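K.L.:
Please see the structure below; I have some questions.
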Amino acid sequence: MMKKKSIPASKPLLILFLCQIISALDVPLDSKLLEELSQPPTITHQSPKDYIVDPRENIVIQCEAKGKPPPSFSWTRNGTHFDIDKDAQVTMKPNSGTLVINIMNGGKAEAYEGVYQCTARNERGAAISNNIVIRPSRSPLWTKEKLEPHQVREGDSLVLHCRPPVGLPPPIIFWMDNAFQRLPQSERVSQGLNGDLYFSNVQPEDTREDYICYARFNHTQTIQQKQPISVKVFSMDSLNDTIAANLSDTDIYGAKPVTERQPVLLTPTGSTSTKVELRGNVLLLECIAAGLPTPVIRWIKEGGELPANRTFFENFKKTLKIIDVSEADSGNYKCIARNTLGSVHHVISVTVKAAPYWITAPRNLVLSPGEDGTLICRANGSPKPSISWLANGVPIAIAPEDPSRKVDGDTIIFSHVQERSSAVYQCNASNEYGYLLANAFVNVLAEPPRILTPANKLYQVIADSPALLDCAYFGSPKPEIEWFKGVKGSILRGNEYVFHDNGTLEIPVAQKDSTGTYTCVARNELGKIQNEVHLEIKDPTMIIKQPEYKVVQRYGQVSFECIIKHDSTLLPTVIWLKDNGELPDDERFLVGKDNLTIMNVTDKDDGTYTCIVNTTLDSVSASAVLTVVAAPPTPAIIYARPNPPFDLELTGQLERSIELSWIPGDENNSPITHFVIEYEDGLHEPGVWHYQTEVPGTQTTVQLKLSPYVNYSFRVVAVNKIGRSQPSEPSEQYLTKSASPDENPANVQGIGSEPDNLVITWESLKGFQSNGPGLQYKVSWRQKDVDDEWTSVIVANVSKYIVSGTPTFVPYEIKVQALNDLGYAPEPSEVIGHSGEDLPMVAPGNVQVHVINSTLAKVHWDPVPLKTVRGHLQGYKVYYWKVQSLSRRSRRHVEKKILTFRGNKTFGMLPGLEPYSSYKLNVRVVNGKGEGPASPDKVFKTPEGVPSSPSYLKITNPTLDSLTLEWGSPTHPNGVLTSYILKFQPINNTHELGPLVEIRIPANESSLILKNLNYSTRYKFYFNAQTSVGSGSQITEEAVTIMDEVQPLYPRIRNVTTAAAETYANISWEYEGPDHANFYVEYGVAGSKEDWKKEIVNGSRSFFVLKGLTPGTAYKVRVGAEGLSGFRSSEDVFETGPAMASRQVDIATQGWFIGLMCAVALLILILLIVCFIRRNKGGKYPVKEKEDAHADPEIQPMKEDDGTFGEYSDAEDHKPLKKGSRTPSDRTVKKEDSDDSLVDYGEGVNGQFNEDGSFIGQYSGKKEKEPAEGNESSEAPSPVNAMNSFV
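And the structure:
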């Protein structure tokens, strides 16, 4: 009887479940079978659910699926159909559902935010992807804030807040100094999970002015920097010294010394807190404490142990990290901070929730008509997820009815299915923390039996081994399998056979009589099929004489035997191993047919040697041990290169051979491995030795082959392991007789250089190949396919011959034969060449253009007759150019484009056309000589397309409830503009978008006033143009309405003035508007179409120097401000001065200059004397009087309370600044800090400048000005300073 496993019948439910499993068919992974069977779609690859994209790169949303027939793809966006054909920026990859959104060519990533879902559909069902949420990465700038310096007493705690901008995804926080070096961290100083920097207690070495928090946004590869934070730690010693210096001896003074403090938690606050984490995530708990000495943190879990192998401590044990958390990790975690004065603790109650996770995901089901089956979808989570079913992407409650289907919670039961029951079902398991979506198809197939095992397959098995005969099959319903032996044999039964469910027949112990032909029969109700396989039983391989244990003396010789017996039809291979590895790569190891011999044994040869015999069916092995013992002591041996051979003798001289013999020199204790024979040709290359051959070291004679007409000399070099010997003395010379050449020139070619010639070239023979004197060449040619005689010439000492007067481009048969004074070489082979080419005679005809779309056209033409090509046809060239744009009716410089189509091609595609334009083209044939005449110009027009984005969008005149929008028409309208579409929506402080409003604007408008807006509200605007084809790409802008009814200050830049020299120009302007504007200057050559060059103005000053200009050139210039809707000034044009030779005179040698300097020096001397006298009398010098008279508010009087001098101060905080630190940390000059502008100076914009931009001249404004930049001193002026200012 057959061996088959029986199914117990004790429980009907179990039987039903097993029957359902058995009834489901397994489809073999056979490529041919899979190509023929129908199959519903299966999603094979998709983008992640939460997909954050780089807004600077193209967005690729993956959706790949397989099925038979191949599925088609569609997409929804935010729950509605997404028509990709209407969006020029979106394309779908061929034979795929993957979307590519072109951001790098004008698209905006923000416009494509949303929830996307892909559907793959064929006639058997529809599979859907997850909801893919597309969000562009954001890396916002740090909000501006004024940071006060931190003044802390030594030993106190301190927290430096980072507060990074909210990005997507969240940034990585780290602290560094101005030198971009990470700030050192320890148990005392560390960074928290929120990015703040915590000091358990501060020390004097913590004083510094460059605590800088950095936020790195990995997705966009950008780093944002917070303004530096200054920390000043006051030491108790220095504080006591200061107090002592200001108190009398009778006063009691002294600050308390640094006192030790018990721990206090900086974070988290309070005694308890809660934390919720999801299953599978990483749990991070943090405790940071203040105290002196620095507290030490310890963690425990109340009522349990911290999980082993998943618990880690970070940040000097201030952070507890548990990976891959589960519900069992819920509980109370206590952190304890302790120092020598006490301790404090905090309890964190952790609750682990879980997004849905699979217990049993639904699996694909293949059934036969009339069979039953089930789809099971079981998931768990916390809270328990709800299960919902969809059929072909539609909720099953509203899907088409199927009488064979019944839904029972997380199970769908199928009864008596039919082919129309095929579908793809989706199971959705969701709770408040996420969802799972799985596709599983039900494929109902009715297929007759198929046997997938190749027919007449041969199986070879070693006797007494198991034999497995395959019969891979498929059919629906599942076929029954039977095996027969022989052509007319009976069905196989009995205990000597095992029948597997996959159709395989197993013979557990195959014998010689098992050899024969076996037939596999598969049948079901739709048909029957059979297949024959053949079984051969082979004799086993055996080692009849195994290697034996050996003991050998060092430097001796040993041999291991391995004699085998095998089946005569099998080819064995023998491999020897040493210590289970390959034999050493050493010539001492000689492997024979039946043995292994080791010569000159050394201590390293000690080990186990194994003989392995392999055939295609079996493998056997045997091993033996080799022991190496010491040999009797011998004198030290000196190894060296061999001595050169000697006594060379030539015998047996023939025309083409000779015998050379020699006597070897001394081996010098290292055997000669081989001899190298070299020769010299005294006739053609005297003094040059060439390699001839080499022979083994045991051979001292060799038969050498010779060539005719060579004067030979020979020498021999001996080689051993140490190296090569010196060459032997040369043998006597032997001149071989001359003979006719043995070979003809190679690489014969015939290519014409002119239309009426044929240039025949070849590679000349070398002197060694001439075989005799008088080497020449016989060059022969005749026109192919014409009954002509050969024409021949004989030439010498050349490798080229030109045949003149030939017809244009006709084939020739060519041959070149070598000859010398003794005769000709063998008859050469013929080659085919062509005479010279000429330009083609005719142009292609019947040129037709088929416009495919607005940017692509297909051109057809008739091929020209090959006779008119007059050369090798290389292809066709299509010249095409734009005549004019149909929308602008303006002509421009004609730029012809050329496309080349290789070979005899008669059509081609013209890509990259501009929409709504008129084009011309012609076609020309090309050969090796050049191009033929052009075909008549063909005119065609491209249809309209979608326009490009508007050239600009400006938002001006913000009021309480209105904004003014101005725009420019698209640079490329690509048709007749029909309208503009404006969409806008408010944005709140968390960057959430409000309702979207859409307005259609006539195409002839260029501005619009939006009214009835909310006050003090930021709006985002989306603006694009339309033609009759559709909407173009949009441009976005943001603007804010003003906060109240105060008359807004409209920012503007006016009165742009230039003062130009040869290579530089000083640019000045007047600015009206809000403070803190960041200016920039744009310039370019006037009349040029090149992009504007941009220079950033340092600070808020209203002048700038453009350097590196070209003399005698007209430039255009404009000034703009960033961050204020991008407004700019009007353009100004100036011209640099011509380059001129220097005509300056050295004034230092002029008499009037020397006299003037003497007068100035005398005047300064008198002024110093007067100042000195007045100072001794207690009077005031003129500069002091001037300061007192003006009473500059920025010059503070001497403080009476502490006796210190007043210093310049900030208008906001009135804190003293350090010397030379008038510029804030953001390197801009606030208006309240400095009101410098060119208008306030003497000559206003007409003042003079040096080339470096410094101002020349006297201040003559209404008030005195203090320098706004540089390292100016805040000290009171002195006579010396006054003198320097005067000079």
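The numbering of the sequence shown is my numbering, which starts it at 934 and goes up by one. Think of the CB as a built atom: it goes at the ideal place given N, C-alpha and C, for glycine as much as any other residue. Please read all numbers here as calculations on a predicted model, not as lab measurements.
Nearest to E1104 by alpha carbon, out of V1377, N1313, T1155?
P.N.:
Locating residue 1104 in the sequence shown gives position 171, where the first residue counts as 1. Note on residue identity: the sequence assigns Pro, not Glu, to residue 1104. Nearest of V1377, N1313, T1155 to P1104, Cα basis: T1155.
K.L.:
Nearest to T1530 by CA position, among D1536, R1521, K1537, is which residue?
P.N.:
On the sequence shown, residue 1530 is found 597 positions in, with the first residue counted as 1. Per the Cα distances, R1521.
K.L.:
Here's the rule I'm using: 16 or more other beta-carbon atoms within 10 Å means buried, otherwise exposed. How should W1008 be labelled?
P.N.:
Position 75 of the sequence shown, counted from the first residue, corresponds to residue 1008. Buried is the call here.
K.L.:
I believe C1360 touches W1416 by the beta-carbon criterion, under 8 Å. Please report the beta-carbon distance rounded to the nearest angstrom.
P.N.:
Mapped onto the sequence shown, residue 1360 falls at position 427. Mapped onto the sequence shown, residue 1416 falls at position 483. That pair is no contact at about 41 Å.
K.L.:
Thinking just about the alpha-carbon of each residue, which of P1289, K1815, Q1195 is nearest to the one in N1134?
P.N.:
Position 201 of the sequence shown holds residue 1134. Cα-wise, what sits closest to N1134 is Q1195.
K.L.:
Checking the sheet assignment: what are the DSSP bridge partners for T2054?
P.N.:
As a first step, residue 2054 must be located in the sequence shown, where it is residue number 1121. A quick correction: the sequence has Ala, not Thr, at residue 2054. Answer by DSSP bridge pairing, in chain order: F2012.
K.L.:
Would I1281 and Y1266 be called neighbours here (beta carbons separated by less than 7 Å)?
P.N.:
As a working mapping, residue 1281 is identified with position 348 in the sequence shown. As a working mapping, residue 1266 is identified with position 333 in the sequence shown. A contact, by the Cβ cut-off of 7 Å.
K.L.:
Along the beta strand (DSSP E) that carries M1842, what are the first and last residues, could you check?
P.N.:
Counted from its first residue, the sequence shown places residue 1842 at position 909. Its beta strand (DSSP E) spans residues 1840-1843.
K.L.:
Go through its chain and collect everything with a Cβ distance to S1552's Cβ below 8 Å, but skip five positions before and after it.
P.N.:
By one-based count along the sequence shown, residue 1552 stands at place 619. Closer than 8 Å at the Cβ level, and outside the excluded window around S1552, lie T1474, I1545, V1546.
K.L.:
What are the boundary residues of the beta strand (DSSP E) that W2085 is part of?
P.N.:
What you label residue 2085 is simply residue 1152 of the sequence shown in a count that begins at 1. Element bounds for W2085: not the beta strand (DSSP E) but the alpha helix (DSSP H), 2084-2109.
K.L.:
When DSSP labels each residue in this structure, what does R1648 get in the three-state scheme?
P.N.:
Taking the first residue of the sequence shown as 1, we reach residue 1648 at position 715. Of the three classes helix, strand and coil, the one that applies to R1648 here is strand, per DSSP.
K.L.:
Please state whether the Cβ-Cβ distance between T1739 and N1690 is less than 7 Å.
P.N.:
Here residue 1739 is taken as the residue at index 806 of the sequence shown, counted from 1. Here residue 1690 is taken as the residue at index 757 of the sequence shown, counted from 1. Their beta carbons are under 7 Å apart, which means T1739 touches N1690 by this criterion.
K.L.:
Are the stretch 1647-1658 and the stretch 1575-1595 touching by the rule of at least three beta carbon pairs closer than 8 Å?
P.N.:
Verdict: yes, contact present.
K.L.:
Per the DSSP calculation, D1614 is bridged to which residue(s)?
P.N.:
Stepping through the sequence shown from its first residue, residue 1614 is reached at position 681. Answer by DSSP bridge pairing, in chain order: E1618, Y1645.
K.L.:
Once you ignore the five residues that flank V1782 on each side, which residues in its own chain have a CB closer than 6 Å to its CB?
P.N.:
As a first step, residue 1782 is located in the sequence shown; it is residue number 849 there, counting from the start. So the qualifying residues of the chain are A1790, V1792, K1871, F1873.
K.L.:
Thinking C-beta only, is D1512 closer than 7 Å to G1489?
P.N.:
Locating residue 1489 in the sequence shown gives position 556, counting from the first residue. Locating residue 1512 in the sequence shown gives position 579, counting from the first residue. No, the pair does not count as a contact, with Cβ atoms beyond the cut-off.
K.L.:
By alpha-carbon positions, which one of T977, T1200, S1072, N1055 ends up nearest to N1127?
P.N.:
Indexing the sequence shown from 1 puts residue 1127 at position 194. Among T977, T1200, S1072, N1055, the Cα nearest to that of N1127 belongs to T1200.
K.L.:
My assumption, with CB atoms under 8 Å, is that E1613 sits in contact with G1685. Please give the rounded CB distance.
P.N.:
Taking the sequence shown and counting its residues from 1, the one referred to as residue 1613 is at position 680. Taking the sequence shown and counting its residues from 1, the one referred to as residue 1685 is at position 752. About 44 Å separates the two Cβ atoms, so there is no contact after all.
K.L.:
Are I1727 and K1711 closer than 7 Å when you measure CB to CB?
P.N.:
The residue given as residue 1727 occupies position 794 in the sequence shown. The residue given as residue 1711 occupies position 778 in the sequence shown. Yes.
K.L.:
Starting from T1991, trace the beta strand (DSSP E) in both directions and tell me its first and last residue.
P.N.:
Numbered from its first residue, the sequence shown carries residue 1991 at position 1058. Here the beta strand (DSSP E) through T1991 covers 1985-1993.
K.L.:
In whole angstroms, give me the CA-to-CA distance for D1434 and G1012.
P.N.:
Reading the sequence shown from its first residue, position 501 is the one you call residue 1434. Reading the sequence shown from its first residue, position 79 is the one you call residue 1012. Each residue's alpha carbon lies about 47 Å from the other.
K.L.:
Do A1288 and G1314 have their CB atoms nearer than 7 Å?
P.N.:
Along the sequence shown, one-based indexing puts residue 1288 at 355. Along the sequence shown, one-based indexing puts residue 1314 at 381. Cβ distance < 7 Å, so A1288 and G1314 count as in contact.
K.L.:
Just grab the DSSP bridge partners of L1402 for me.
P.N.:
For the purposes of this step, residue 1402 is taken as residue 469 along the sequence shown, with counting starting at 1. According to DSSP, which records beta bridges pairwise, L1402 is partnered with L1438.
K.L.:
Identify which residue in N1464, L1298, K1445, T1386 has its Cα closest to the Cα of V1373.
P.N.:
Counting from 1 along the sequence shown, the entry for residue 1373 is found at position 440. Contrary to the premise, residue 1373 reads as Ala rather than Val in this sequence. Closest option to A1373, Cα to Cα, is L1298.
K.L.:
Is D983 closer than 7 Å to V1085 when the C-beta atoms are compared?
P.N.:
If you number the sequence shown from 1, residue 1085 lands on position 152. If you number the sequence shown from 1, residue 983 lands on position 50. No, the pair does not count as a contact, with Cβ atoms beyond the cut-off.
K.L.:
Which residue's Cα is closest to the Cα of H1767: P1761, P1688, K1916, A1994?
P.N.:
For the purposes of this step, residue 1767 is taken as residue 834 along the sequence shown, with counting starting at 1. It is P1688.
K.L.:
Starting from the C-beta of M1109, find all residues in its chain whose C-beta is less than 8 Å away, skip the five residues before and the five after it, and write them out in chain order.
P.N.:
If you number the sequence shown from 1, residue 1109 lands on position 176. So the qualifying residues of the chain are R1115, L1116, I1145, Y1147.
K.L.:
Nearest-angstrom Cα distance between F1917 and S1354?
P.N.:
Counting from 1 along the sequence shown, the entry for residue 1917 is found at position 984. Counting from 1 along the sequence shown, the entry for residue 1354 is found at position 421. For F1917 and S1354, the distance between alpha carbons rounds to 49 Å.
K.L.:
Mapping DSSP to helix, strand and coil, what is D1018?
P.N.:
For the purposes of this step, residue 1018 is taken as the residue at position 85 of the sequence shown. DSSP places D1018 in helix when its eight states are reduced to three.
K.L.:
Using DSSP bridges, identify the partner residues of K1699.
P.N.:
Translated into the one-based positions of the sequence shown, residue 1699 becomes position 766. Answer is none; K1699 lacks a bridge partner.
K.L.:
Would you mind reading off the limits of the alpha helix (DSSP H) that contains K1800?
P.N.:
Here residue 1800 corresponds to residue number 867 of the sequence shown, with the count starting at 1. Taken as a continuous stretch (DSSP letters only), the alpha helix (DSSP H) holding K1800 covers 1799-1802.
K.L.:
Check E2005 in the structure and name its three-state DSSP category.
P.N.:
Position 1072 of the sequence shown, counted from the start, is the residue given in the question as residue 2005. Strand at E2005.
K.L.:
Quick check on A1330: does DSSP put it in helix, strand or coil?
P.N.:
Counting from 1 along the sequence shown, the entry for residue 1330 is found at position 397. Looking at A1330 - three-state DSSP - the assignment turns out to be coil, as it is neither helix nor strand.
K.L.:
DSSP state of I1043, grouped into three classes?
P.N.:
Position 110 of the sequence shown holds residue 1043. The amino acid at residue 1043 is misidentified as Ile; the sequence shows Glu. Helix.
K.L.:
Taking only the alpha-carbon atoms, compute the straight-line gap between E1582 and F1608 and give it to the nearest angstrom.
P.N.:
Residue numbering aside, residue 1582 sits at position 649 when the sequence shown is read from its first letter. Residue numbering aside, residue 1608 sits at position 675 when the sequence shown is read from its first letter. Roughly 15 Å between the two C-alpha positions.
K.L.:
What number of angstroms, rounded off, separates the C-alpha of P1759 from the C-alpha of D1720?
P.N.:
Stepping through the sequence shown from its first residue, residue 1759 is reached at position 826. Stepping through the sequence shown from its first residue, residue 1720 is reached at position 787. So the two alpha carbons sit approximately 24 Å from each other.
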